[in-house]
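Some notes on the structure that comes next.
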Amino acid sequence: MAEPGEPQDQARRLQAAIETVVRGKPDAVRLALVCLFAEGHLLIEDVPGVGKTTLAQSLARAVDCSFRRIQFTSDLLPSDIIGVSIFDREERDFVFRRGPLFANIVLADEINRTTPKTQSALLEAMGEGRVSVDNRTHPLPQPFMVIATQNPVEFHGTYPLPESQLDRFLLRVRMGYPEAGAEKEILRLAHGSTSESPLPSVMTGEDLMRCRESVRRVRVDDSLLDYILALVDSTRRSEYLLTGASPRGSLALLGAARAEAFLDRRDYCTPDDIKRLALPVLAHRVVVGSSYSSPHERSREAEAILAEILESIEIPL
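In this note's numbering, the protein residues as written are 2 to 318.
Dropping the structure here:
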């Protein structure tokens, strides 16, 4: 067991602070932190009103980072999120006006309601960590994390993300409806309230970068690498899947498992870390062979197939 150092303590305090605002969703909060510490981007699939925006805002406040929300619509242009170059008469040169993408944590709300051109602009920035406008490169602020949302049930008038772009997201999670006790607590807190309860900053951006460095140092035994490879290879060989997980999926599972171990205050990974993260990391990266009509049905089928694959692979001792 690793000594309880400062980064692990800060991570625990961060999780506890966010859970005071995002009530009754410890699993979703945990996965969001795994994604944050593993330097990834998060895709939340769920219906409106279950706390997606609250989770993103709470994460930004608790880490003392800048936060922007972008509401994606069919008429949104790439320049609306990235920014534009405007000619400055005094400077006699073009000046770049930054768009809302230039924030530490960006909530891309209903990402599947905008055109593929705008989706591609966002996802390219996610992958590169910078944007290019008029042959000039502008680095995005660090740390940088995108939390994108989409409604898996209502898909009329939407532009579903292709598999190659879904692969950019480290994790896909569902918030789900709160349990009765948690929802009652939400109602009790909201009754008569005129303003949001302040959420104190638990760590700075520099603290977050130190936590990420600690995650990179988490040890992974060769037997666990073989376990990841066996799992990913099984998705490629499955007769029920048209497309299995890519090498990017293998790397994502490795990084997420390291972050999970870090949150458990360990400096080494276990098979349980990999098994717990397999579905959130891999389910959106595979394509099912059956012809389900809705994305919601296809994602559920993918999770069921992956669960069977997990049970069929021998866990290393």
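Even for Gly, the Cβ is constructed at its ideal location relative to N, Cα and C.
{"query": "Helix, strand or coil at G25 [DSSP, three-state]", "result": "coil"}
{"query": "Inside the region 223-287 only - alpha helix (DSSP H) runs reaching at least 4 residues", "result": "223-238, 248-264 and 272-283"}
{"query": "Exposed unless 16 or more other CB atoms sit within 10 angstroms - verdict on G250", "result": "buried"}
{"query": "Coarse secondary structure for T138, derived from DSSP in three states", "result": "strand"}
{"query": "Nearest-angstrom Cβ-Cβ length linking L254 and I275, presumed shorter than 8 Å", "result": "6 Å"}
{"query": "Start-to-end residues for the alpha helix (DSSP H) that takes in S59", "result": "K53 to A63"}
{"query": "Bounding residues of the alpha helix (DSSP H) (the contiguous stretch that carries D208)", "result": "G206 to R217"}
{"query": "For D76, the first and last residue of its enclosing beta strand (DSSP E)", "result": "Element bounds for D76: n/a, residue is neither H nor E."}
{"query": "Beta-carbon spacing of L230, A279 below 8 Å", "result": "no"}
{"query": "C-alpha gap between D10 and A262, whole angstroms", "result": "13 Å"}
{"query": "Burial state of P248, where buried means 16 or more other Cβ atoms lie within 10 Å", "result": "exposed"}
{"query": "Distance, D227 Cα to R286 Cα", "result": "20 Å"}
{"query": "Neighbour-count burial assignment, P281, 16 or more Cβ in a 10 Å radius", "result": "buried"}
{"query": "Sequence-distant residues of its chain with Cβ nearer than 6 Å to V107 (five each side left out)", "result": "R69 and V147"}
{"query": "Three CB pairs or more closer than 8 Å across the region 50-62 and the region 208-224", "result": "no"}
{"query": "Buried or exposed (CB count within 10 angstroms, at least 16 for buried), P201", "result": "exposed"}
{"query": "Option in E240, D81 and S86 with minimal Cα separation from D135", "result": "S86"}
{"query": "Status (buried if at least 16 other CB within 10 Å, exposed otherwise) for E4", "result": "Confidence is the limiting factor: at E4 the pLDDT is only 40, short of 50, which leaves the residue's position unreliable, though a coordinate-based value still follows. Classification for E4: exposed."}
{"query": "Residue closest to R137, alpha-carbon to alpha-carbon, out of Q143, H42, R99 and G158", "result": "R99"}
{"query": "DSSP three-state assignment for A39, whether helix, strand or coil", "result": "coil"}
{"query": "Cα-Cα separation, K123 to P153", "result": "Here residue 123 is Leu; the residue named in the question, Lys, does not match the sequence. If you take the alpha carbons of L123 and P153, they lie about 20 Å apart."}
{"query": "Q166, enclosing beta strand (DSSP E) - first and last residue", "result": "No beta strand (DSSP E) holds Q166; the alpha helix (DSSP H) holding it covers E164 to L167."}
{"query": "Cβ shell of L327 (< 6 Å), same chain only, five flanking positions each side left out", "result": "As shown, the chain starts at 2 and ends at 318. That puts residue 327 outside it, with no answer to give."}
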